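Those letters in the sequence shown? Residues 203 to 501, per the numbering used here, in order. The structure appears below as structure tokens.
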Amino acid sequence: MDRMCALRMRPDEVDVDAPLIHRLIADSFPRWAGLPVRRLRSSGTENAMFRLGTELVVRLPRHPGAVGSVAHEQHWLPRLAPLLPFASPEPLGRGEAAHGFPWPWSVYRWLDGVNPVAGEVEHADALARDLAAYLTALRAIDTAEAPACSRGVPLSTRDTPTREAIARLAGRVDRRAVTRLWEEALTAPEHTGAPVWAHGDLSPGNVLTGGGRLRAVIDYGCAGVGDPAVDLIVAWNLLPAGARGAFREAVGADDAQWARGRGWALSVALIQLPYYWDTNPPLAANSRHTIGEILAEGR
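Structure representation (structure tokens):
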């Protein structure tokens, strides 16, 4: 949790700072009122994160679209976490709107680890197997009463925004090449099996590692049931080419699922790149990396 995007990324974002966190904590959780507060460096786009003492972290929505994840995570993380082989965020409290901050927010237990950087991954094969083990366990969880994954939908639903993003990237990417790869992805057969749990946003910023191995997966705001191919994006936004085969074999992705996963990785990167080009340099850099990896495979 060490990289920071402090720039405003959306016109409807609210401003939050350490003094506000002190006031919110004093009101909702007076037992923690004396703990030091500092903002965490993060490339995340949905939430602001503040370290509270040494054992806690405060997570607040940055804009209206992120508010729903507060209740979503508070409800589902305690049910999912015990069934997963790696750590997940543990909600310890929910705060309410106050002091000008308009939405609910959460306190979690602190998780140690660092966000890996694509192109600098240590022990890539071992990390690939760890990620596959995480996904295998997640997909095996009972889906009864589970919500839909906002990204676990047919890839065709991304066609219009993906093509719009390609148009905005004139002079910044090989638009002909990425259009060809996107159109190839759209020909992959759709998911016909039962929907399974998916994280929905398995990006480097939501992965914590230590010593090159997976320690935790965070940010379950998109988690729900749908096409598991969406979680294969990590093969291109994080893992190097040499580790993708081990990841694919361990996760059991057939040709159609793998093609959809590559299409998801391409779509997410293309849409993120023009939107965050100036306001979130780490995320834009990862988007460029992902597009480059997929272009290299397509040559």
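Just so it is clear, CB atoms sit at the ideal spot from N, CA and C, and this is done for glycine as well. Note that the structure is a prediction, hence the values are computed from the model and not measured.
Could you give the distance in angstroms between the alpha-carbon of residue i and the alpha-carbon of residue j?
i, j, result
"Ala328", "Thr381", "33 angstroms"
"Ala268", "Gly423", "8 angstroms"
"His491", "Glu292", "31 angstroms"
"His301", "Pro232", "15 angstroms"
"Pro406", "Asn439", "7 angstroms"
"Ala273", "Ala299", "13 angstroms"
"Trp278", "Thr362", "31 angstroms"
"Met203", "Leu410", "In this predicted model, Met203 has a pLDDT of only 35, less than 50, meaning its place in the structure is not dependable enough to derive any value."
"Leu333", "Phe449", "8 angstroms"
"Asp433", "Ala425", "10 angstroms"
"Glu366", "Leu468", "13 angstroms"
"Tyr477", "Gly373", "15 angstroms"
"Asn482", "Asn408", "15 angstroms"
"Cys207", "Arg243", "In this predicted model, Cys207 has a pLDDT of only 45, less than 50, meaning its place in the structure is not dependable; the value taken from the coordinates is given anyway. Straight-line Cα distance between these residues: approximately 7 angstroms."
"Gly315", "Ala458", "33 angstroms"
"Arg261", "Gly270", "13 angstroms"
"His393", "Gly402", "15 angstroms"
"Arg521", "Leu313", "In this structure the chain extends from 203 to 501, so residue 521 is not present and cannot be described."
"Gly246", "Asp456", "31 angstroms"
"Ser472", "Thr364", "Correcting the residue identity first, residue 472 is Leu in this sequence and not Ser. When rounded, the distance between both Cα atoms is 7 angstroms."
"Pro356", "Ile223", "40 angstroms"
"Glu453", "Asn317", "According to the sequence as given, residue 453 is Val; it is not Glu. For Val453 and Asn317, the distance between alpha carbons rounds to 22 angstroms."
"Gly414", "Glu451", "20 angstroms"
"Glu257", "Asp480", "33 angstroms"
"Glu347", "Arg281", "12 angstroms"
"Arg331", "Trp307", "34 angstroms"
"Pro266", "Asp217", "13 angstroms"
"Met251", "Glu215", "14 angstroms"
"Ala369", "Ala486", "17 angstroms"
"Arg225", "Trp305", "14 angstroms"
"Ala418", "Gly447", "22 angstroms"
"Leu285", "Pro213", "38 angstroms"
Give me the DSSP bridge partner(s) of residue i.
i, result
"Ala418", "Ala289, Leu410"
"Phe231", "Looking at the DSSP assignment, Phe231 forms no beta bridge with any residue, so it has no partner."
"Phe303", "Ala300"
"Tyr310", "Val259, Pro293"
"Trp399", "Val427"
"Val316", "Thr411"
"Ala335", "Paired residues: none, contrary to the question."
"Ala350", "Val427"
Between the Cα of residue i and those of the options, spot the shortest distance and give me the residue it belongs to.
i, options, result
"Ala350", "Val239, Asp219, Gly428", "Gly428"
"Asp376", "Ala228, Glu499, Ile493", "Ile493"
"Arg378", "Gly444, Leu497, His265, Val323", "Leu497"
"Val259", "Arg370, Val436, Ile420", "Ile420"
"Ala390", "Pro213, Ser308, Gln474, Ser358", "Ser358"
"Glu386", "Pro476, Trp460, Thr256, Gly447", "Trp460"
"Pro287", "Glu495, Leu226, Ala342", "Ala342"
"Arg360", "Leu237, Ala348, Thr338, Leu388", "Leu388"
"Gly255", "Ser271, Gly246, Pro238, Leu242", "Pro238"
"Pro442", "Pro397, Pro484, His401, Val319", "Val319"
"Ser230", "Gly297, Leu282, Ser290", "Gly297"
"Arg264", "Leu282, Phe303, Leu285", "Phe303"
"Ala235", "Pro221, Glu248, Arg241, Pro430", "Pro221"
"Asn249", "Leu282, Ala348, Glu275", "Glu275"
"Gly295", "Asp214, Ala418, Arg311, Arg240", "Arg311"
"Ala445", "Gly413, Arg253, Val323, Ala289", "Val323"
"Ile227", "Trp399, Val309, Asp217", "Val309"
"Arg253", "Asp219, Pro430, Arg353, Pro280", "Asp219"
"Glu495", "Ala437, Val453, Leu371", "Ala437"
"Tyr336", "Leu416, Ala486, Trp479", "Leu416"
"Val435", "Gly412, Val470, Gly454", "According to the sequence shown, residue 435 is Ile rather than Val. Answer by Cα proximity: Val470."
"Leu431", "Ser489, Ala418, Gly395", "Residue identity differs from the one stated: residue 431 is Ala in this sequence, not Leu. Measuring from the Cα of Ala431, the nearest candidate turns out to be Gly395."
"Gly354", "Pro280, Ala369, Asn488, Trp466", "Trp466"
"Ser290", "Glu347, Gly321, Leu404, Ala330", "Leu404"
"Ala283", "Arg225, Ala369, Trp399, Pro266", "Trp399"
"Asn488", "Ile368, Trp305, Glu215, Gly321", "Gly321"
"His325", "Trp305, Gly412, Met251", "Gly412"
Round the Cβ separation of residue i and residue j to the nearest angstrom and send it over; I've been treating them as touching at under 8 angstroms.
i, j, result
"Leu383", "Gly500", "5 angstroms"
"Thr338", "Pro397", "Wrong, their Cβ atoms sit about 16 angstroms apart, outside the cutoff."
"Leu475", "Leu371", "6 angstroms"
Complete runs of the alpha helix (DSSP H) confined to the segment 240-292 [at least 4 residues]:
270-282, all fully within the segment 240-292.
Whole alpha helix (DSSP H) runs in the segment 452-495 with 4 or more residues, listed along the chain?
Those alpha helix (DSSP H) runs which fall completely within the segment 452-495 and span 4+ residues are 457-478.
Give, in chain order, every unbroken run of the alpha helix (DSSP H) that is at least 4 residues long and sits entirely within the segment 354-390.
If we require 4 residues or more, the alpha helix (DSSP H) runs fully inside the segment 354-390 come out as 361-370, 377-388.
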